[in-house]
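Undergrad:
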Amino acid sequence: MTPASATNGDASGGASAPTVLGKLRSLVQDKTRFEPQDITPLAEDDVLQDFSLQANYTLDARLEQRHINGYFTPSASDHCCASIDVTPLAQAQTRDRLRRAAGKLSHALNSAGHACDGVPDGLYLGHAVKQWHLDSCNSCAGRGRVNCTTCHGGTTETCWKCHGRRTVSCDAYGCYGSGKVACSYCSGSGSVTEQVTDYVTVEVPTTVYENGSSRTSYHTETRTQYRNVQRNCHHCSYGKVICNTCHGNGNVNCGTCRASGNVTCRTCSGAGDLRCNPCDGSGQVGNAAWVDVHVAPAYSVSLPTQAPDDARRIADKEGVRSLAAIASSLLLAKVSTDDDDLPQEVDALYAGKLHIVRLDAACNGQAHHLVAYGNDLRWLTLDDIVEKLLRGDLKALSDALAGSADDGLFSADIQGLLAPLRDVAASELNADVIEAVLSGETNHAHAGVVSADYASNVRTCVLGALRQVYTRLAKQFWWKGALAALVATIGVWFFFGRGMAAAAGLLASGAAWLLFKHQVKTVLAEALGGDQPAERAMSIAGRGRRHQLAYTLVLAPAMAVALGAGYGLPVRQRASTAPVPAIASTPVAPHVASVPQDASAAKALKLYENGEKVPALAMLDVLVKKGNADAYGLYGWMTLMGEGLPKKPDRLAPTAQERQARHADAKPWITRALAKNDSYALAAKGVMLAEGWQEPRNMPRALALLKQSAKKGNTEAMHLLGLYNLMGKGTPVNHKEARKWFTMAADKGSAGDIYHLGLMDWEGAGLKRPDHASAMQRWKIAAAMGEERAVKAVAQGKP
0 MTPASATNGD
10 ASGGASAPTV
20 LGKLRSLVQD
30 KTRFEPQDIT
40 PLAEDDVLQD
50 FSLQANYTLD
60 ARLEQRHING
70 YFTPSASDHC
80 CASIDVTPLA
90 QAQTRDRLRR
100 AAGKLSHALN
110 SAGHACDGVP
120 DGLYLGHAVK
130 QWHLDSCNSC
140 AGRGRVNCTT
150 CHGGTTETCW
160 KCHGRRTVSC
170 DAYGCYGSGK
180 VACSYCSGSG
190 SVTEQVTDYV
200 TVEVPTTVYE
210 NGSSRTSYHT
220 ETRTQYRNVQ
230 RNCHHCSYGK
240 VICNTCHGNG
250 NVNCGTCRAS
260 GNVTCRTCSG
270 AGDLRCNPCD
280 GSGQVGNAAW
290 VDVHVAPAYS
300 VSLPTQAPDD
310 ARRIADKEGV
320 RSLAAIASSL
330 LLAKVSTDDD
340 DLPQEVDALY
350 AGKLHIVRLD
360 AACNGQAHHL
370 VAYGNDLRWL
380 TLDDIVEKLL
390 RGDLKALSDA
400 LAGSADDGLF
410 SADIQGLLAP
420 LRDVAASELN
430 ADVIEAVLSG
440 ETNHAHAGVV
450 SADYASNVRT
460 CVLGALRQVY
470 TRLAKQFWWK
480 GALAALVATI
490 GVWFFFGRGM
500 AAAAGLLASG
510 AAWLLFKHQV
520 KTVLAEALGG
530 DQPAERAMSI
540 AGRGRRHQLA
550 YTLVLAPAMA
560 VALGAGYGLP
570 VRQRASTAPV
580 PAIASTPVAP
590 HVASVPQDAS
600 AAKALKLYEN
610 GEKVPALAML
620 DVLVKKGNAD
630 AYGLYGWMTL
640 MGEGLPKKPD
650 RLAPTAQERQ
660 ARHADAKPWI
670 TRALAKNDSY
680 ALAAKGVMLA
690 EGWQEPRNMP
700 RALALLKQSA
710 KKGNTEAMHL
720 LGLYNLMGKG
730 TPVNHKEARK
740 WFTMAADKGS
750 AGDIYHLGLM
760 DWEGAGLKRP
770 DHASAMQRWK
780 IAAAMGEERA
790 VKAVAQGKP
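For the sequence shown, position 241 (counting from the first letter as 1) is numbered 240 according to numbering that gives the first Met the number 0, and the numbering increases by one without interruption.
In structure tokens form, the structure reads like this:
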């Protein structure tokens, strides 16, 4: 808002500048069906209204005080003084800083091109000199460090774990400070069960039948009997043995302090001292003070006593800054200070002129008074000219609706509604207002042009007219849809029967509904002057739900005729043909899994991982016969392990000869795939070496190959490594290593390995104690993945 010189001549601008009459004609043309030439100017008053704008700037000299330390870096203009003089010397600068701020502000306001609101609220003139003083810190005596409050300079503190006793209670499973644990032989019961063998001599009768008579003789036999007896366990005393961890003491050396009773001080990290907080480690503390001048601007507008009411309304509506922005001219009149010796306020007075245009115009037989103002000719009042012009069309539509209510129930004439509806719909404003009201918007569209009462009335009238149009067209159309449904139903019944006839009748009803919508669109397009206004009118009717009765009148008779005719017609019977004697079927060969034309090793691997092993083996068989080297490894593995082969119903397991033949068939494929370092080939070779299949048994080499395969992500190799370490097959039992490989396979989604992890948790393998809760949780996960052993374990609550 830069003050400008007064304009001479016509305040409305040159020939190219917009005029109030031109803006009014454009508004009426855009919002109503009337043309620009329908607006007739009657009188126009173009004036420049004087007003005054006063800017009051309040100056506030604020004393700023801060605590400082030895890290404070003074500038060249800062002044070091005694501690008691810091604040008084800073306050002594107040008068000088206010004078300088007032002078700077007056000079800025008098400079050319300075905006009347160009001074922001806040700091205006910063300090020139800082008064400061530093003394040695009393807390640290100038050293910057103080003794640690925890260790008092000793660098160590009492151990928080053993509290200086150097030992802690033994935490071994079952001991917990008692020095004894449960015996592993009798499980803590103190007694064991032994089987005792007894030899008993008994007489056995023998009966011989000869020549019709019998003879019984007796002989003695020694028989073995077994019985269980309970005896005290020789390895423990009442079920308890000495704890191997604490050797019966109940306590073990503290691992935190290494049995010393002291640990490094956690407060000072063993330094013995801490940084002094008051001086932040600098050894000096003090204070500094200075004076900053802040400014708080306030603006007000005043009008002459004889100013008209519309000028005062403009001032109240726009506010100070907006009024200055749209003023035709704004000149600085004077700048004054309240007190030259101790200035606290600076006032600037501006004289401005505001362009106001008052226009009297007539349209549609009515006179209107309009007021515009500012450089951009903003509207102060439109005298509801747009709404008054639109209300005439709206009244005609309302009268037509009132007349249609007296036409009777079976009236189908719509011509009396289309003409007034066309006049109302010719205004885009009406359509925008209706859509905004239907959307539930609090402020309807064009709220500055028409009132909320008009928006409600236009919605009611337009939706009522559209409902009448829909309903009366439906009264003309309903029998056509019913007739089409009847014809379609009878025609289809003649060839296909009642069921298809009813379906055909319903389809014909739907087609009739689509034709009705097309007819409505055609009628509205002819009345409103195009397809786009017709589609918008149909959209408004749909959002207002004014077409439901019409759709019911069209669909209900057609669907009733279709269903009634479809199920009321008799059932058509086709002539039966002579029975054809059945031909004995020949035995069907077992189904062979089909192989797609785009078979590949990757797809076969995907089938194998998804558990579809039969189609996977069939696909691999085709690929290896074509010489696809990528399929050798998985094909050799499946052949070696017998996976994907059809099961024979006559026996459950293959014979030893069949297994040996299978191993011999798999070996050449595995050997070929080893050249490509295939993961399944490495796993298969490892199994052959571990089990001695077609190879001399070599467990170290087998484990090395399985680890190579597992590093490539092969879950089968991970599973075998877990089993071998768990069972100790060719390697010492290692529960930790077994758990590692089972976990890696389980992370890849192997349900069997999740079950084995649960089994290890149940038995406590690799743990301090059995964890039945963790085991059951793992079995539930495996059961959800389809693992049968896990399903049984969950069902019976144990493995």
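For every residue, glycine included, the Cβ atom is placed at its ideal position computed from N, Cα and C.
Model, not experiment: these values are computed from the prediction.
1) Using DSSP bridges, identify the partner residues of residue 220.
2) If you reduce the DSSP assignment to three classes, tell me which class residue 105 lands in.
3) Rounded to a whole number of angstroms, what is the C-alpha to C-alpha distance between residue 222 and residue 196?
4) Identify whether residue 45 lies in helix, strand or coil by the three-state DSSP scheme.
5) Helix, strand or coil: how does DSSP classify residue 707 here?
6) Could you give the residue range of the beta strand (DSSP E) that holds residue 156?
7) Given this structure, state the Cα-to-Cα distance separating residue 638 from residue 694, to the nearest angstrom.
8) Given a cut-off of 7 Å, decide if residue 488 and residue 549 are closer than it, judged by their beta-carbon atoms.
9) Using CA atoms only, rank isn't needed, just tell me which of 503, 75 and 518 is closest to residue 557.
10) For residue 274, which residues from the same chain have a beta carbon less than 6 Å from its beta carbon, with the 5 sequence-adjacent residues on both sides left out?
11) Are the Cβ atoms of residue 553 and residue 481 separated by less than 7 Å?
12) Consult DSSP for residue 172 and reduce its assignment to one of helix, strand or coil.
13) Would DSSP call residue 372 helix, strand or coil?
14) Quick one: what's residue 801 bridged to in DSSP?
15) If you follow the alpha helix (DSSP H) that residue 486 is in, where does it begin and where does it stop?
16) Helix, strand or coil, according to DSSP, for residue 166 in the structure here?
17) DSSP three-state call for residue 788: helix, strand or coil?
18) Determine the closest residue to residue 29 out of 240, 82, 431 and 773, with distance taken between C-alpha atoms.
19) Go through its chain and collect everything with a Cβ distance to residue 743's Cβ below 6 Å, but skip five positions before and after it.
20) Quick one: residues in its chain with C-beta nearer than 6 Å to the C-beta of residue 325, no 5 flanking neighbours on either side, listed in chain order?
21) Taking C-alpha atoms, which residue in 378, 320, 614 and 484 lies nearest to residue 563?
22) Compare the Cα-Cα distances from residue 460 to each of 478, 429, 477 and 490 and report the closest residue.
23) Following the continuous alpha helix (DSSP H) through residue 530, name the residue where it begins and the one where it ends.
24) Which value, in whole angstroms, describes the spacing of the CA atoms of residue 522 and residue 506?
25) According to DSSP, is residue 809 part of a helix, a strand, or is it coil?
26) I'd like the span of the beta strand (DSSP E) that includes residue 378, first residue to last.
27) Are there 16 or more other CB atoms within 10 angstroms of the CB of residue 341, so buried, or fewer, so exposed?
28) Would residue 401 be called buried (16 or more neighbouring beta carbons within 10 Å of its own) or exposed?
29) When DSSP builds the beta bridges, which residues end up paired with residue 225?
30) Please state whether DSSP places residue 281 in a helix, a strand or coil.
31) Mind reading off the beta-carbon distance from residue 202 to residue 217? Whole number of angstroms is fine, and I expect it under 8 Å.
32) CB residue 290 to CB residue 60, shorter than 7 Å?
33) Name, in chain order, the residues that DSSP records as bridge partners for residue 365.
34) Go through its chain and collect everything with a Cβ distance to residue 333's Cβ below 6 Å, but skip five positions before and after it.
35) Roughly how many angstroms lie between the CA atoms of residue 338 and residue 93, to the nearest whole one?
36) Find the nearest neighbour of residue 679 within the set 711, 624, 667 and 699, judged by alpha-carbon distance.
TA: If we stick to the structure as given:
1) 201
2) helix
3) 10 Å
4) strand
5) helix
6) 155-157
7) 16 Å
8) no
9) 503
10) 280
11) no
12) coil
13) strand
14) Because the chain is modelled from 0 through 798, residue 801 falls outside the range shown and cannot be assessed.
15) 451-495
16) strand
17) helix
18) 431
19) 717
20) 373 and 374
21) 484
22) 429
23) 530-542
24) 25 Å
25) Outside the shown range of the chain, which is 0 to 798, sits residue 809, and nothing can be said about it.
26) 377-380
27) exposed
28) exposed
29) 196
30) coil
31) 5 Å
32) yes
33) 362
34) 348
35) 14 Å
36) 711
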